[in-house]
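Engineer: In the working numbering, the protein residues as written are 2 to 121.
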């Protein structure tokens, strides 16, 4: 997940309008995790446990735009929502055992900035 959403919401599917305030907003359905690491995470990239081999026809692990996958898809190689700021964004990743890791993006850190560029 990436974008923080209001913490009073419960985990599950949400309809989001992105980017907020833009003249041509896009409505997407996303899964939001309100439990992990303080909550407020919106899922944009995943490979589910049922996806046991590389998906046929996929060649770019960041080739999709945010919201281009259905929320119940087995996998999604999307990018982050376009309306978030680098200096306020975090990346939550979970390994196969469920351990959560948080990455802080930082425009002043070469590696963190390169990761931001790849995901946005």
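Positions of the beta carbon are idealized from the N, C-alpha and C atoms, including for glycine.
Grab me the residues of residue 114's own chain with a C-beta within less than 6 Å of its C-beta, minus the 5 sequence neighbours each way, in chain order.
Structural biologist: Locating residue 114 in the chain shown gives position 113, where the first residue counts as 1. Same-chain partners within the cutoff: 108.
Engineer: Identify, in the order they occur along the chain, each residue of the same chain with its Cβ nearer than 6 Å to the Cβ of residue 2, setting aside the five sequence neighbours on each side.
Structural biologist: Against the chain shown, residue 2 aligns to sequence position 1. Note that residue 2 scores 44 on pLDDT, short of 50, meaning its location in the model is unreliable and no value can be drawn from it.
Engineer: Using the rule of at least 16 other Cβ atoms within 10 Å of the residue's Cβ for burial, across every protein chain shown, is residue 145 buried or exposed?
Structural biologist: An answer regarding residue 145 cannot be provided, because it is not within the stretch 2 to 121 covered by the chain.
Engineer: So which of 87, 13, 30 and 119 has the shortest CA-CA distance to residue 68?
Structural biologist: Here residue 68 corresponds to residue number 67 of the chain shown, with the count starting at 1. Ranking 87, 13, 30 and 119 by Cα distance to residue 68 puts 30 first.
Engineer: Could you tell me whether the Cβ atoms of residue 49 and residue 76 are closer together than 8 Å?
Structural biologist: Residue 49 sits at position 48 when you count from the first residue of the chain shown. Residue 76 sits at position 75 when you count from the first residue of the chain shown. Yes, they are a contact pair.
Engineer: Keeping to the same chain, check which residues put their C-beta closer than 8 Å to that of residue 1; ignore five residues upstream and five downstream.
Structural biologist: Because the chain spans 2 through 121 in this model, residue 1 falls outside it and cannot be assessed.
Engineer: Alpha carbon to alpha carbon, what distance is there between residue 70 and residue 52?
Structural biologist: Walking along the chain shown from the start, residue 52 turns up at place 51. Walking along the chain shown from the start, residue 70 turns up at place 69. Taking the straight line from one Cα to the other gives about 15 Å.
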